[in-house]
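Chemist: Pasting a structure here, questions to come.
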Amino acid sequence: MIREVQEAVDVPIRGVISDGQRSLRNAVWAVLPDVPHQLCHFHYLKEAAKPVYEADKHAKKEFKKHLRGVRPIEHAVEKRKDAEAEAIRGYCLAVRSALTDDGRLPLSAPGLKLYERMTAIAASLTRVSEKGACRVSSNACLLS
1 MIREVQEAVD
11 VPIRGVISDG
21 QRSLRNAVWA
31 VLPDVPHQLC
41 HFHYLKEAAK
51 PVYEADKHAK
61 KEFKKHLRGV
71 RPIEHAVEKR
81 KDAEAEAIRG
91 YCLAVRSALT
101 DDGRLPLSAP
111 GLKLYERMTA
121 IAASLTRVSE
131 KGACRVSSNA
141 CLLS
């Protein structure tokens with residue numbers, strides 16, 4: 001196929017960028033031995049980030065163990081209509097959202113993203129408890 005492309009275009013091939021598949025690298029080398037060939041940056045970064053990804057994945061798994069129990073909290077306030085119950089539901093929704101959002105390597109570490117979001121939720125809860133109240137708008141707690 002590389003030869004067909006080379007013959008079909010009337011432009012010299014000055015370089016090749018591809019993923020790291022061994023068969024593709026061998027084909028480029030066989031057909032275009034004097035043409036520079038490099039991995040695409042995304043694949044290169046993804047490969048380089050594998051050890052970090054594995055550590056991040058493990059950290060996220062461990063962190064999620066400490067965040068179980070959102071459903072019983074939601075269930076405890078499901079029939080209540082007061083501002084406090086609405087605020088609790090808002091925080092539960094924020095936690096659920098943080099738990100289900102997965103980033104994509106190599107540019108985003110899901111475990112770190114979860115930690116950052118949970119830190120923001122915890123900081124908001126701290127501010128609310130220090131104020132002794134929660135600002136309520138449209139039946140949802142505003143995370144300040």
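For the sequence shown, the residue numbers in full-length UniProt numbering are 1 to 144. Glycine residues also receive a C-beta, built at the ideal position from the N, C-alpha and C atoms.
Taking 8 Å as the limit between beta carbons, can you name the residues of its chain near valine 35, skipping five residues before and five after?
Modeler: Closer than 8 Å at Cβ, skipping near neighbours: Ile13, Arg14, Gly15, Val16, Val28.
Chemist: Less than 8 Å between C-beta atoms, sequence neighbours within five positions excluded: which residues of the same chain meet that for lysine 81?
Modeler: Around lysine 81: no qualifying Cβ.
Chemist: Tell me the rounded alpha-carbon separation between histidine 43 and alanine 94.
Modeler: When rounded, the distance between both Cα atoms is 32 Å.
Chemist: Going by C-alpha distance, which of Leu99, Ser108, Ile73, Ala98 is nearest alanine 87?
Modeler: Ranking Leu99, Ser108, Ile73, Ala98 by Cα distance to alanine 87 puts Ile73 first.
Chemist: With DSSP as the reference, please indicate the residues paired to histidine 37 in a beta bridge.
Modeler: Partner(s): Val16.
Chemist: DSSP on serine 108, reduced to helix/strand/coil?
Modeler: Coil.
Chemist: Less than 7 Å between the beta carbons of alanine 98 and arginine 71, yes or no?
Modeler: No, they are not a contact pair.
Chemist: Could you round the C-beta distance between leucine 32 and isoleucine 2 to whole angstroms and report it? I think they count as a contact, below 8 Å.
Modeler: About 7 Å separates the two Cβ atoms, so the contact holds.
Chemist: Measuring alpha carbon to alpha carbon, tell me which of Ala8, Ala55, Asp19 ends up nearest proline 110.
Modeler: Closest by alpha carbon: Ala55.
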